[in-house]
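Asker:
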Amino acid sequence: NAGVMQNPRHLVRRRGQEARLRCSPMKGHSHVYWYRQLPEEGLKFMVYLQKENIIDESGMPKERFSAEFPKEGPSILRIQQVVRGDSAAYFCASSPPPTLWSYTDTQYFGPGTRLTVL
Amino acid sequence: GESVGLHLPTLSVQEGDNSIINCAYSNSASDYFIWYKQESGKGPQFIIDIRSNMDKRQGQRVTVLLNKTVKHLSLQIAATQPGDSAVYFCAAISGTYKYIFGTGTRLKVLA
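Taken in sequence, the protein lines are chains A and B. Numbering-wise, our numbering puts 113 at position 93 of the first sequence, and it's gapless, one number per residue. Numbering-wise, our numbering puts 109 at position 108 of the second sequence, and it's gapless, one number per residue.
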């Protein structure tokens with residue numbers, strides 16, 4: 021069972037360009053979460069998605085950032101008109117849907133995409 | 002607001018000794034806790050978890066202790082090895098998906 025896949029692993033963009041980060045969850049997982057991590061800091065929640073639905077985007081900036089998880093294909097985190105402050109590691113995690121005996125499921129993380137904005 | 006903090010940013014331990022990493026959380030509604038290990042350039046890796054109805058859980062060489070009274074969590078690593086060198090995060094969860102991560106503790110294993 022392959023783990024959470026993210027690509028690209030490293031992404032360099034110039035200010036004003038668009039960054040597109042992809043995440044394929046673990047097999048059988050229908051819940052995807054995106055986090056941002058600045059150097060020497062913990063992970064900060066950005067957005068929680070299920071297939072074709074955004075459940076919670078309270079941690080995502082209102083402007084320039086968007087996320088989707090289509091019926092087919094990976095989840096995409098899109099950052100438009102990137103600025104230097106967007107430079108960070110972006111991690112995706114996935115979890116299975118809750119079951120009758122477990123309403124809270126462990127999130128498993130991908131290797132991350134390291135975005136550098138020049 | 003909610004916070005999860007760690008008492009020591011860096012912990013240096015002699016190889017073979019036991020390591021203890023501490024974590025405090027602020028939300029008394031947190032009912033699920035996870036320790037993750039993050040090696041340089043990699044994503045967080047699940048180590049061990051504990052639910053609020055327990056106060057201790059053991060894995061292979063690792064033990065997590067939970068003290069809900071003082072909202073404190075610890076990770077004990079027995080016979081620390083060089084491969085244990087990493088940053089360790091605790092996460093406190095309330096509800097189904099709200100993970101609040103601490104800043105992290107860097108564990109350095111000295112040969």
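Built from N, CA and C at the ideal position, the CB exists for glycine as well. Since the structure is predicted, the reported quantities are computational estimates derived from the model, not experimental observations.
For Arg104 (chain A), collect the residues of the same chain with a Cβ closer than 6 Å to its Cβ; drop the 5 residues on either side in sequence, then sort them by chain order.
Answerer: The residue labelled residue 104 (chain A) in the question sits at position 84 within the first sequence. Val137, listed in sequence order.
Asker: Determine which residues share a DSSP beta bridge with His73 (chain B) and list them.
Answerer: Translated into positions along the second sequence, residue 73 (chain B) becomes position 72. DSSP lists B:Ala25 and B:Asn68 as partners of His73 (chain B).
Asker: Under the three-state reduction of DSSP, which class applies to Gln29 (chain A): helix, strand or coil?
Answerer: On the first sequence, position 9 is the one that residue 29 (chain A) refers to. One detail in the question is off: residue 29 (chain A) reads as Arg in this sequence, not Gln. The answer is coil: DSSP assigns Arg29 (chain A) none of H, G, I, E or B.
Asker: Cα separation between Ala108 (chain A) and Arg62 (chain B)?
Answerer: What you label residue 108 (chain A) is simply residue 88 of the first sequence in a count that begins at 1. What you label residue 62 (chain B) is simply residue 61 of the second sequence in a count that begins at 1. Cα to Cα, Ala108 (chain A) sits roughly 32 Å from Arg62 (chain B).
Asker: Using a 10 Å radius around the Cβ and a threshold of 16 neighbouring Cβ atoms, would you call Gly2 (chain B) buried or exposed?
Answerer: Numbered from 1 along the second sequence, position 1 holds the residue referred to as residue 2 (chain B). In this prediction, Gly2 (chain B) has a pLDDT of 48, which is less than 50 and means its spatial position is unreliable; nothing more can be read from the coordinates.
Asker: Please check if any C-beta of chain B sits within less than 7 Å of the C-beta of Leu135 (chain A).
Answerer: Translated into positions along the first sequence, residue 135 (chain A) becomes position 115. Cβ-Cβ to chain B under 7 Å: no for Leu135 (chain A).
Asker: Beta carbons nearer than 9 Å to chain A: which residues of the segment 43-74 of chain B have them?
Answerer: Against chain A - using a Cβ distance shorter than 9 Å - the residues of the segment 43-74 of chain B are Lys43, Gly44, Pro45, Gln46, Phe47, Asp50 and Arg52.
Asker: To the nearest angstrom, how far is the alpha carbon of Asn27 (chain A) from that of Arg33 (chain A)?
Answerer: In the first sequence, counting from the first residue as 1, residue 27 (chain A) sits at position 7. In the first sequence, counting from the first residue as 1, residue 33 (chain A) sits at position 13. Looking at the two C-alpha atoms, the distance is approximately 15 Å.
Asker: For Arg107 (chain B), does the three-state DSSP call read helix, strand or coil?
Answerer: Counting from one through the second sequence, the residue named residue 107 (chain B) turns up at place 106. Residue state, collapsed to three classes: strand.
Asker: What do you get for Val88 (chain B), buried or exposed, if any count of 16 or more other CB atoms within 10 angstroms of its CB means buried?
Answerer: Start at 1 with the first residue of the second sequence, and residue 88 (chain B) comes out as number 87. Classification of Val88 (chain B): buried, given that the 10 Å Cβ count is 16 or more.
Asker: Tell me whether Leu138 (chain A) sits in a helix, a strand or coil according to DSSP, three-state version.
Answerer: If you number the first sequence from 1, residue 138 (chain A) lands on position 118. Coil.
Asker: So, under 8 Å CB-CB, Leu108 (chain B) and Ser75 (chain B) are touching, yes? Tell me the CB distance rounded to an integer number of Å.
Answerer: Position 107 of the second sequence, counting from 1, holds the residue named residue 108 (chain B). Position 74 of the second sequence, counting from 1, holds the residue named residue 75 (chain B). About 13 Å; that fails the 8 Å criterion.
Asker: Please classify Ile45 (chain B) as buried or exposed, where buried requires at least 16 other C-beta atoms within 10 Å of its C-beta.
Answerer: Working through the second sequence from its first residue, we reach residue 45 (chain B) at position 44. At residue 45 (chain B) the sequence reads Pro, which differs from the Ile that was named. So Pro45 (chain B) counts as buried.
Asker: Buried or exposed for Arg56 (chain A), please, with buried defined as at least 16 other CB atoms from any protein chain shown within 10 angstroms of its CB.
Answerer: Position 36 of the first sequence holds residue 56 (chain A). Classification for Arg56 (chain A): buried.
Asker: When DSSP labels each residue in this structure, what does Asp76 (chain A) get in the three-state scheme?
Answerer: Counting from one through the first sequence, the residue named residue 76 (chain A) turns up at place 56. It is a strand residue.
Asker: Beta-carbon of Tyr1 (chain B) versus every beta-carbon of chain A: anything under 7 Å?
Answerer: No statement about residue 1 (chain B) is possible, as the shown extent of chain B runs from 2 to 112 and does not include it.
Asker: Candidates B:Val14, B:Trp36 and B:Leu12: which alpha carbon is nearest Phe102 (chain B)'s?
Answerer: Counting from 1 along the second sequence, the entry for residue 102 (chain B) is found at position 101. Phe102 (chain B) has its Cα closest to that of B:Trp36, out of B:Val14, B:Trp36 and B:Leu12.
Asker: Which residues does DSSP pair with Glu88 (chain A) in a beta bridge?
Answerer: Within the first sequence, residue 88 (chain A) is the residue found at index 68, counting from 1. A:Ile96, per the DSSP bridge assignment.
Asker: Please check the pair Cys91 (chain B) and Phe47 (chain B), which I expect to be a contact at CB under 8 Å, by giving their CB distance rounded to whole angstroms.
Answerer: Taking the second sequence and counting its residues from 1, one reaches residue 91 (chain B) at position 90. Taking the second sequence and counting its residues from 1, one reaches residue 47 (chain B) at position 46. The Cβ separation is near 12 Å, so there is no contact.
Asker: Return helix, strand or coil for Arg104 (chain A), following the three-state DSSP convention.
Answerer: Here residue 104 (chain A) corresponds to residue number 84 of the first sequence, with the count starting at 1. Arg104 (chain A) falls in the helix class under three-state DSSP.
Asker: Report back the beta-carbon spacing between Leu69 (chain A) and Ser95 (chain A) to the nearest angstrom; my notes put them in contact at under 8 Å.
Answerer: Locating residue 69 (chain A) in the first sequence gives position 49, where the first residue counts as 1. Locating residue 95 (chain A) in the first sequence gives position 75, where the first residue counts as 1. Indeed, because the Cβ distance is near 6 Å, the residues count as touching under 8 Å.
Asker: Taking the beta strand (DSSP E) that Gln46 (chain B) falls in, what are its first and last residues?
Answerer: Start at 1 with the first residue of the second sequence, and residue 46 (chain B) comes out as number 45. Taken as a continuous stretch (DSSP letters only), the beta strand (DSSP E) holding Gln46 (chain B) covers Gln46 to Arg52.
Asker: Pull up the distance between the alpha-carbon of Tyr128 (chain A) and that of Arg134 (chain A), whole angstroms please.
Answerer: Here the question's residue 128 (chain A) lines up with position 108 in the first sequence. Here the question's residue 134 (chain A) lines up with position 114 in the first sequence. Their backbone Cα atoms lie some 18 Å apart in a straight line.
Asker: So Leu31 (chain A) packs on Ala39 (chain A), CB below 8 Å; how close in whole Å?
Answerer: The count along the first sequence starts at 1 and reaches residue 31 (chain A) at position 11. The count along the first sequence starts at 1 and reaches residue 39 (chain A) at position 19. Going by Cβ atoms, the distance from Leu31 (chain A) to Ala39 (chain A) rounds to 6 Å, so yes, they are a contact pair.
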